[in-house]
Amino acid sequence: MVIQRARIVLLARDGVGTKRISDTIGSNERTVRKWKARFRADPRPEALEDRRRTGRPSAVSVATRCELVQLACERPDGIAAPFREVWTYGSLAEALRVRTGVLLSVSEVGRILRFESLRPHRVKQWLKSRDPDFTAKAERVCDLYLNPPKGAVVLCIDEKPMQVLERIHPNHVGGDGRLRHEYEYKRHGTQVLLAAFNVKTGRVFGRVVPRRTSKATVSFMNAVARHYRGREVYVVWDNLNTHYDGPDQRWTRFNQRYGGRFHFVYTPTHASWMNQVEIWFSILHRRVLKYGSFDDAPRQKHEVESFIRFWNRNERHPFRWTWRVDERQNPRRRAA
Numbered sequence: 029m030v031i032q033r034a035r036i037v038l039l040a041r042d043g044v045g046t047k048r049i050s051d052t053i054g055s056n057e058r059t060v061r062k063w064k065a066r067f068r069a070d071p072r073p074e075a076l077e078d079r080r081r082t083g084r085p086s087a088v089s090v091a092t093r094c095e096l097v098q099l100a101c102e103r104p105d106g107i108a109a110p111f112r113e114v115w116t117y118g119s120l121a122e123a124l125r126v127r128t129g130v131l132l133s134v135s136e137v138g139r140i141l142r143f144e145s146l147r148p149h150r151v152k153q154w155l156k157s158r159d160p161d162f163t164a165k166a167e168r169v170c171d172l173y174l175n176p177p178k179g180a181v182v183l184c185i186d187e188k189p190m191q192v193l194e195r196i197h198p199n200h201v202g203g204d205g206r207l208r209h210e211y212e213y214k215r216h217g218t219q220v221l222l223a224a225f226n227v228k229t230g231r232v233f234g235r236v237v238p239r240r241t242s243k244a245t246v247s248f249m250n251a252v253a254r255h256y257r258g259r260e261v262y263v264v265w266d267n268l269n270t271h272y273d274g275p276d277q278r279w280t281r282f283n284q285r286y287g288g289r290f291h292f293v294y295t296p297t298h299a300s301w302m303n304q305v306e307i308w309f310s311i312l313h314r315r316v317l318k319y320g321s322f323d324d325a326p327r328q329k330h331e332v333e334s335f336i337r338f339w340n341r342n343e344r345h346p347f348r349w350t351w352r353v354d355e356r357q358n359p360r361r362r363a364a
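Reminder that position 25 of the sequence shown reads as 53 in the working numbering, one-by-one numbering, no gaps.
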């Protein structure tokens with residue numbers, strides 16, 4: 029903990045803001061502000077240590093806590109926890125007993141790790157982009173989000189495949205107030221939502237089609253061009269094959285039809301998370317698709333299109349884009 033507090037002080041001395049410090053060290057802003065204020069009042073290394081407290085002393089020694097934290101930050105070695113890739117509180121308690129002879133309860137292990145903001149039992153997935161031009165492409169996308177060209181429209185466009193699932197039994201609320209969701213279902217095929225998210229207004233323009241084809245994508249883009257008639261349009265989308273020209277030069281000919289007012293900007297490969305329409309897709313999934321039951325494709329199409337109209341009428345809003353390639357893309361720093 030003292031090391032973390034020292035990092036807070038050093039980063040603050042270098043002019044790093046509170047939000048950036050909290051993201052860097054994995055703590056909350058309240059903690060960062062607390063230790064910045066305490067060190068300003070008493071600029072000595074000793075000020076970073078815990079103050080003397082009243083009450084019963086801790087039953088778990090500092091050495092035991094440090095040993096537990098060290099274990100939690102390591103991968104299970106196959107000896108203390110055989111055939112494990114991820115720690116559990118129980119396996120950590122047993123590994124600590126083997127290593128130190130100290131026996132802690134599972135609940136005590138959990139309390140210590142929560143205090144240290146450690147969650148070794150949780151797994152977070154990620155996908156690394158191997159695009160050699162990642163930085164340049166990411167800067168281009170972020171610049172469009174943060175500083176869109178004056179008078180132009182920035183659209184995030186993508187496709188969302190949807191399974192048409194009908195639950196065997198309808199959802200219902202149990203005695204404890206929790207929603208009961210039937211696992212078994214009938215599958216009535218698939219269909220695809222093509223959607224364009226307006227970065228400035230949050231408005232969604234969408235169309236549900238039977239399959240993802242280049243013909244369907246071009247037809248959708250023709251509708252987008254008519255919807256934003258006469259406007260210069262920047263399209264942010266991923267590297268799907270239908271998003272490139274292909275042998276028929278579909279997008280070159282498309283742009284020629286509309287006077288060259290479309291500009292296609294590609295996210296880095298394996299980085300479709302940079303496309304803001306994916307954020308909206310997650311909202312659609314949670315509120316319409318995840319617990320929905322659809323006995324045929326037209327019913328699902330109706331529900332999805334109804335949600336789009338509801339969103340545009342009642343809830344539409346732009347998303348606050350906070351990710352940056354580096355500090356140069358921070359509008360506040362640039363203004364200063």
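Virtual Cβ for every residue (Gly too), placed ideally from N, Cα, C.
*Can the beta-carbon of E187 be found closer than 8 Å to that of I196?*
The count along the sequence shown starts at 1 and reaches residue 187 at position 159. The count along the sequence shown starts at 1 and reaches residue 196 at position 168. Against a cut-off of 8 Å, the Cβ pair of I196 and E187 comes out as no contact.
*Looking at C-alpha atoms only, which residue of R58, K165, V37 and Q32 is the closest neighbour of V264?*
The residue labelled residue 264 in the question sits at position 236 within the sequence shown. The shortest C-alpha separation from V264 is found at K165.
*Looking only at C-alpha atoms, which of P104, E136, F292 and E333 sits nearest to L221?*
The residue you call residue 221 lines up with position 193 of the sequence shown. Of the listed residues, the one whose Cα sits closest to L221 is E333.
_C170 vs R48 beta-carbon contact at 8 Å_ = Translated into the one-based positions of the sequence shown, residue 170 becomes position 142. Translated into the one-based positions of the sequence shown, residue 48 becomes position 20. No.
*Taking Q191 as part of the beta strand (DSSP E), name the residues at either end of that continuous run.*
Translated into positions along the sequence shown, residue 191 becomes position 163. Segment V181 to R195, the beta strand (DSSP E) holding Q191.
*Residue environment, Y184, which counts as buried when at least 16 other CB atoms sit within 10 Å*: Taking the first residue of the sequence shown as 1, we reach residue 184 at position 156. The amino acid occupying residue 184 in the given sequence is Cys; Tyr does not appear at that position. Counting Cβ neighbours within 10 Å, C184 comes out buried, since at least 16 surround it.
*asked:* Taking the beta carbon of F322 as the centre, do at least 16 other beta carbons fall within 10 Å, making it buried, or is it exposed?
replied: For the purposes of this step, residue 322 is identified with residue 294 of the sequence shown, where counting begins at 1. Of the other Cβ atoms in all chains shown, 16 or more fall within 10 Å of the Cβ of F322; this residue is therefore buried.
*When you compare each of P104, G217 and P110 to D324 by their alpha carbons, which one comes out closest?*
Here residue 324 refers to the residue found at position 296 when the sequence shown is read from its first residue. The shortest Cα separation from D324 among P104, G217 and P110 belongs to G217.
*What are the boundary residues of the beta strand (DSSP E) that includes A40?*
The residue given as residue 40 occupies position 12 in the sequence shown. Counting along the chain, A40 falls outside any beta strand (DSSP E), though it belongs to the alpha helix (DSSP H) covering V30 to R41.
*Does the stretch 108 to 117 come close enough to the stretch 155 to 162 that 3 or more CB-CB pairs lie under 8 Å?*
no
*Near R278, what residues of its chain come up, given a Cβ to Cβ distance below 7 Å and the 5 sequence neighbours on each side ignored?*
By 1-based counting over the sequence shown, the position of residue 278 is 250. Excluding residues within five positions, the ones whose Cβ falls inside 7 Å are S242 and V246.
*For the beta strand (DSSP E) that V237 lies in, which residues bound it at each end?*
Numbered from its first residue, the sequence shown carries residue 237 at position 209. Looking at the DSSP string, the run of the beta strand (DSSP E) that includes V237 is V232 to V237.
*Does the distance from the C-beta atom of V44 to that of W63 stay below 8 Å?*
Along the sequence shown, one-based indexing puts residue 44 at 16. Along the sequence shown, one-based indexing puts residue 63 at 35. Contact: no.
*In whole angstroms, what is the alpha-carbon distance linking T52 and E77?*
Translated into the one-based positions of the sequence shown, residue 52 becomes position 24. Translated into the one-based positions of the sequence shown, residue 77 becomes position 49. The straight-line gap from Cα to Cα measures roughly 21 Å.
*Decide if Y319 is buried, meaning its Cβ has at least 16 other Cβ atoms within 10 Å, or exposed.*
Numbered from its first residue, the sequence shown carries residue 319 at position 291. That one is exposed.
*Would you call A121 buried or exposed, if buried means 16 or more other Cβ atoms sit within 10 Å of its Cβ?*
Here residue 121 refers to the residue found at position 93 when the sequence shown is read from its first residue. A121 comes out buried.
*Since R315 contacts F347 with CB under 8 Å, what's their CB separation in whole angstroms?*
Start at 1 with the first residue of the sequence shown, and residue 315 comes out as number 287. Start at 1 with the first residue of the sequence shown, and residue 347 comes out as number 319. Taking C-beta atoms under 8 Å as the contact rule, R315 and F347 fail to qualify, at a distance of about 16 Å.
*Nearest-angstrom Cα distance between E74 and S50?*
Counted from its first residue, the sequence shown places residue 74 at position 46. Counted from its first residue, the sequence shown places residue 50 at position 22. Straight-line Cα distance between these residues: approximately 22 Å.
*Looking only at its own chain, which residues have a Cβ that is under 7 Å from the Cβ of A100, when we skip the five neighbours before and after it?*
To locate residue 100, count along the sequence shown from 1; it is residue 72. Apart from sequence neighbours up to five positions away, the residues of its chain that approach A100 with a beta-carbon distance below 7 Å are W115, L120, L141, L146 and P148, ordered along the chain.
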